[in-house]
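Down below is the structure, laid out as structure tokens.
There are 2 protein chains.
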Amino acid sequence: MLAAREEAIVQNVNRLLAEKGFEAMTVDEVAAAVGIAKASLYKHFTSKEDLAAAAMVRMLRRARQFLDAVDPALSPLDKLRAAVRWTLQVQLEGQMPALPSQNSSLRAALMANRDYLDTLMEISDELGGWIEAAQKEGSVNPKLPALAVLYTLYARGCDPVLGFLQSSGQHSDEEIVELVLSTCFDGLRNR
Amino acid sequence: MLAAREEAIVQNVNRLLAEKGFEAMTVDEVAAAVGIAKASLYKHFTSKEDLAAAAMVRMLRRARQFLDAVDPALSPLDKLRAAVRWTLQVQLEGQMPALPSQNSSLRAALMANRDYLDTLMEISDELGGWIEAAQKEGSVNPKLPALAVLYTLYARGCDPVLGFLQSSGQHSDEEIVELVLSTCFDGLRNR
DNA sequence: GTCTATACCTTGATAGAC
DNA sequence: GTCTATCAAGGTATAGAC
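Protein chains in written order, with the UniProt record's numbering: chain A, 1 to 191; chain B, 1 to 191.
Now the structure itself:
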């Protein structure tokens, strides 16, 4: 079954991207992890960038699914909190693909990928609506530009603090999630 | 002059690390930027990792210098704010070397580099003292583990939000610094 | 569509003359 | 210590048989 094989490929790419990042991940590794020859990979995906883009699209779709399933009865602030919590948990599970934030061949490929851009836009719209509502009701600081809030939320998806705290060995995953949620929404200053 | 040449090398490495990261930076580029042959580089530094480590040590020393010069009359909270502000400014100037947070050959080299570890420890001690004082006086949330606060501060040095906001083109560098400082210390929630 | 084998290139690092 | 020239390894991608 073609779809099942491709899902297995993308799943492994996803994991490897989370583990080592785009540049350190090799196509040989992916092929070995899936258990097929490298040349077979290239029958499904035309390039390494294409592989990574597929993994990113898969993750974005999962994110969108989660957002769509968030309890509409929650306050806008709690919806945002739920979104960030989900992101942090995915990252702690080693399932959040890490891509270079700097310019690279991958960024060009992503910017040319309609699936990626569309899903990213949908997510941004949904989060943007929540942000606007939260600022209107005064639960999120209205002085912050909505775009800055959005970027700050996205950045939690690749926050190195999670890995640092995890390797310190002093906190459970649940504690780490709550700590980062707290610093994200409440800040370091005392309230 | 040997020292001057090595300073020129490390300066270029620093800039290239900030631009493209460790993996995307090539030794050929460094040699070209400095204006010497690649083989000559290897007379000064024994490996690419060694080059990057030297750049990191240089940046850590600059950070330590800055911390030592912070006005002792400031409150502990304002000292921490000054430290983060400095980090953000360096990053916006494209001078903050970006290293892979994931495991790699570079991490091993850094962990074997006494200069790096010593300076990092000194900085952490200085910041740690300020954090403790700030928590004691109640200006920083005392419920947060000091280590989590420290990591959160460090993480601002590679915060992708800066680059996102910069490329949005809607804010000056000064505004971006104040925005990120605000989200870091005050959080997204309204106060 | 899977495989083996390989082309082609880039990269980190070195040899050896000066 | 600088250069030119080169090596060895490992990477992406492809050819071509089945």
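Think of the CB as a built atom: it goes at the ideal place given N, C-alpha and C, for glycine as much as any other residue.
A contact between stretches requires three or more CB pairs, one per stretch, nearer than 8 Å, and the stretch 11-26 of chain A meets this requirement with the stretch 92-112 of chain A. Between residue 180 of chain A and residue 156 of chain A, the beta carbon gap of about 7 Å places them in contact (Cβ cut-off 8 Å). DSSP, read as helix, strand or coil, puts residue 70 of chain A in coil. In this model, residue 123 of chain B and residue 82 of chain B are separated by some 14 Å (Cα to Cα).
Minimum Cα-Cα distance from residue 117 of chain B among the listed residues B:79, B:170 and B:58 corresponds to B:58.
Below the 8 Å Cβ cutoff, chain B contributes no neighbours of residue 113 of chain A, its closest Cβ being approximately 18 Å away. Rounded to the nearest whole angstrom, the C-alpha separation of residue 125 of chain B and residue 66 of chain B is 14 Å. Non-local beta-carbon contacts of residue 4 of chain B in its own chain, meaning distances under 7 Å to residues more than five positions away in sequence, are absent. Taking 8 Å as the CB threshold, residue 94 of chain A stays off the interface with chain B. For the UniProt domain "HTH tetR-type" (3-63) of chain B, the residues whose beta carbon sits under 8 Å from a beta carbon of chain A are, in order, 19, 20, 21, 23 and 24.
Excluding sequence positions up to five before and after residue 37 of chain A, its CB lies within less than 8 Å of the CB of 31, all in the same chain and listed in chain order. In the structure shown, the three-state DSSP call for residue 189 of chain B is strand. Taking each of B:183, B:186 and B:109 in turn and checking the Cα distance to residue 49 of chain B, the smallest one comes out for B:109. Contacts between residue 104 of chain B and chain A, judged by CB atoms closer than 9 Å, involve 20, 21 and 24 in chain order.
Taking C-beta atoms as the reference points, residue 92 of chain B and residue 176 of chain B count as a pair closer than 8 Å.
In this structure residue 2 of chain B is exposed. Its beta-carbon is surrounded by fewer than 16 other beta-carbon atoms within 10 angstroms.
Contacts between residue 164 of chain A and chain B, judged by CB atoms closer than 7 Å, involve 151 in chain order. Under the Cβ criterion of 8 Å, residue 66 of chain A is not counted among the residues facing chain B.
In this structure, residue 185 of chain A keeps its C-beta atom at 8 Å or more from the C-beta atom of residue 74 of chain B. Under the 8 Å criterion on CB atoms, residue 140 of chain A is classed as interfacial with respect to chain B.
Under the rule that a run must span 4 or more residues, the alpha helix (DSSP H) segments found entirely inside the UniProt domain "HTH tetR-type" (3-63) of chain A read 27-34 and 38-44.
If you draw a straight line from the Cα of residue 87 of chain A to the Cα of residue 9 of chain B, it comes to about 40 Å. Under the Cβ criterion of 8 Å, residue 177 of chain B is not counted among the residues facing chain A.
Around residue 87 of chain A, no beta-carbon contact reaches into chain B at under 7 Å, the shortest distance being about 14 Å. Residue contact with chain A for residue 119 of chain B: absent (no Cβ-Cβ distance below 8 Å to any residue of chain A). The alpha-carbon of residue 106 of chain A is positioned some 25 Å away from that of residue 170 of chain B.
Considering only beta carbons, no part of the stretch 122-135 of chain A lies closer than 7 Å to chain B. For residue 169 of chain B, none of the residues of chain A pass the 8 Å Cβ criterion, the least Cβ distance being about 11 Å. With fewer than 16 other Cβ atoms inside 10 Å of its own Cβ, residue 103 of chain A counts as exposed. Under the 10 Å beta carbon count, residue 39 of chain B is surrounded by fewer than 16 other beta carbons and is classified as exposed. Selection B:115, B:144, B:24 and B:146 evaluated against residue 55 of chain B yields B:115 as nearest (Cα-Cα).
Residue burial is scored here from C-beta neighbours: residue 183 of chain A has at least 16 other C-beta atoms within 10 angstroms and is therefore classed as buried. For residue 107 of chain B, the enclosing alpha helix (DSSP H) covers residues 105-111. For the 8 Å CB-CB criterion, residue 146 of chain A and residue 128 of chain A form a contact.
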